[in-house]
Structures are given as structure tokens and as C-alpha cells.
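In the numbering used here, the protein residues as written are 1430 to 1789.
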């Protein structure tokens, strides 16, 4: 006899879709064991996810391609349903994009409660959106009488929680473009790491904080003062901050960091970083160190290849970072939840964890 009539799984099926065709099925396939587990426990399983950032009910962002793919892959009807208040006829259904409802983004309590109507058990398995204070990722926990975490979420949380609590020093590589959102994390890391390697616009901003003329390159001028504070704290605590010592311009030529607009870190920078990274025990990498989308800017890809051969325990976090390493690369852990990973790494909790403790 099945334990539940209806189980609702808040998962992450935010897959890339072009012209109605799913380009990467990784997130769907990763959910299959969880789906199978709950289908053995419940008469009806409903998958609830967002897709992109639609403004209203924009059908460009419909979940229908996901439902159609599951129907084809599982060789069983997996309908797209309107949720909440849907009549369930199949053992597995896909709810329409939760972000079609403005109440989702507003973290509306009434809407969150309505998502659980007719639900016997709620499963949260959307690590990549766990840092969002939205109705289906935060408020919903206040109304769930029975809930648990999915295996993917628990695996991700175990890794990042260990990092947050770790007292052992490790090396951190941070790149990407969002300096201001990483400032809080960088403050925390100064007390936990021996070495900070900063590339991309984050690196440019810290070069500006050190007095280098970065007017030719993109950097976050609003974050320069905060970066100066972090550099001072790092000096006081004996933490080495490694910044680019050369770069690559738009034409692919190597240049001085203040000589031209930088699109990547240069070969001298990469070699200097490798020498240090060869002698550390744990490395965490989030964010490409250059404009990796163009093949000529390949420092991030070279860094990824190098990290495969180091003796250290290597953790890769974030979709952009994963995009520059081999899909089958065997790192200690690869997290798809860049924003969520950084949020927990800095704060040690997610918004929903203040709402309710998990049912045992």
C-alpha cells in the first residue's frame, strides 16, 4: 500500500531550451532517482520548478518541453498541469512554470499555502534556488505538515556546510563579474583561507583597489572601497591575495594589466597561480577568470585542466565555472548552484531554514 496520495517535489528543472528543444538534459536525468523513489511511495508525484525569468505567463518559458521529454524518456504519459488546483490523473506530472505567478517572487504566504493543497508530503530538492526567498522555496515550509529534503539537495548542503564550518585553511579561486555580491563572502574567507586568487571583473576591481589604473577594463567602481578594506584585512591576517600580473586584450595579445582592456588573465598569471596551487590541500573555485565564451580566452579552461591533476581536493561551484571544465571531469564535487553555494558559504544558512526544522 502506498504511503501518500500526493507528493510535491520542488526541484530544479531550469534547463536550457531553444525553440522548444531542450539543449542539456543533465538536471532532468539527475532528478530521476528521486522521482523513482517517490513514485514508489505515492499515487501521484508532482514536479514543481521554475524556468528562466519570465515576465508574466510568457509561453517561451513553459515547462511543456520538460513534460514532453519525460513522457518520451519514461515511455509513460507525463502531463503538464496547472498548479495549484489541478486534477491529477497520472502517477507523474509536471507543474507549469512557478514563476508565471507574481506571488512566487513576492514570497506570498497565501500563495505558498495554496501550493500545498491536497499534498500529503513536500520534498525540497532545488539547491540552486535555495537562497531565494520565494513562495516555493521559503514561505512554503511554514505550511508543510510533512516534508523532507531530496538527495541532491542533501549532497550539496553537506559539502557547502563543511566548507562553512571548516577551520582548516584552503585556497579559493573567485572570478566572474559580480564583485559586490561576493564582498561579504570575501570578508569571511579572509579568516579561513591562506590564498585568494581573484580573476575576471572581481580581479580587476581588486587591482583598482591596489591603485592600478583599470580605467581601460571593466571593473566594479562601487566595490573598490570595500575591496580595499578586504585587502587590508588580508594583509593583517597573513592571507596572500593573488591578482592578475598580466592579461589578454580583445585581440588575444598578452598585455600589462593597466595597458589595455583585459578579457582574460595572461600566461604569467596562470603560471604563478599554478605554482602555489600545486602545494595546497583543498581548492574551491567559483567563477571563470576571463571572458571564456570566446575560444581565444582560454585561461579558465587551462586552469580547469590543471586542477584535474593537482593533489588537492577540488570543489567546483557555479554553472559558468562548470561550463569551462569537461563535463566528465572527476573533481571532488561539482555544484550547479553557484548563487546558492556562495550564499550558504557566506551566511551558513538559507532563508527557509529560519522557517521550520526538517521533519525527522
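Each residue gets a CB set at the ideal place from its N, CA and C atoms; glycine is no exception.
Computed from a predicted structure; not experimentally measured.
- At a Cβ-Cβ threshold of 9 angstroms, residue 1694 and residue 1668 do not count as neighbours.
- Contact annotation: residue 1538 and residue 1576 have beta-carbon atoms that are not nearer than 9 angstroms.
- Cβ contact annotation for residue 1547 (same chain, cutoff 7 angstroms, sequence separation greater than five): 1435, in chain order.
- Straight-line measurement puts the Cα of residue 1523 at about 19 angstroms from the Cα of residue 1532.
- Between residue 1628 and residue 1495, the CB-CB gap reaches or exceeds 9 angstroms.
- Ranked by Cα distance from residue 1550, the first of 1487, 1432 and 1584 is 1432.
- Along the length of the stretch 1556-1622, whole alpha helix (DSSP H) runs at least 4 residues long occupy 1580-1594 and 1608-1619, reported in chain order.
- In the structure shown, the three-state DSSP call for residue 1741 is coil.
- Residue 1779 is a Cβ neighbour of residue 1559, given a cutoff of 9 angstroms.
- In the structure shown, the three-state DSSP call for residue 1662 is helix.
- Following the DSSP letters along the chain, one finds residue 1762 inside the beta strand (DSSP E) bounded by residues 1762-1764.
- Straight across, the Cα-Cα distance linking residue 1574 with residue 1446 is about 35 angstroms.
- In this structure, residue 1443 and residue 1478 form a Cβ contact; the two beta carbons are roughly 6 angstroms apart against a cut-off of 8 angstroms.
- Residue environment: residue 1640 is assigned as exposed (fewer than 16 neighbouring CB atoms within 10 Å of its CB, all protein chains considered).
- Its Cα nearest to that of residue 1766, the residue 1752 stands out among 1535, 1757 and 1752.
- Scanning its chain for C-beta atoms nearer than 6 angstroms, with the 5 sequence neighbours on each side dropped, one finds around residue 1528 the residues 1479 and 1483, in chain order.
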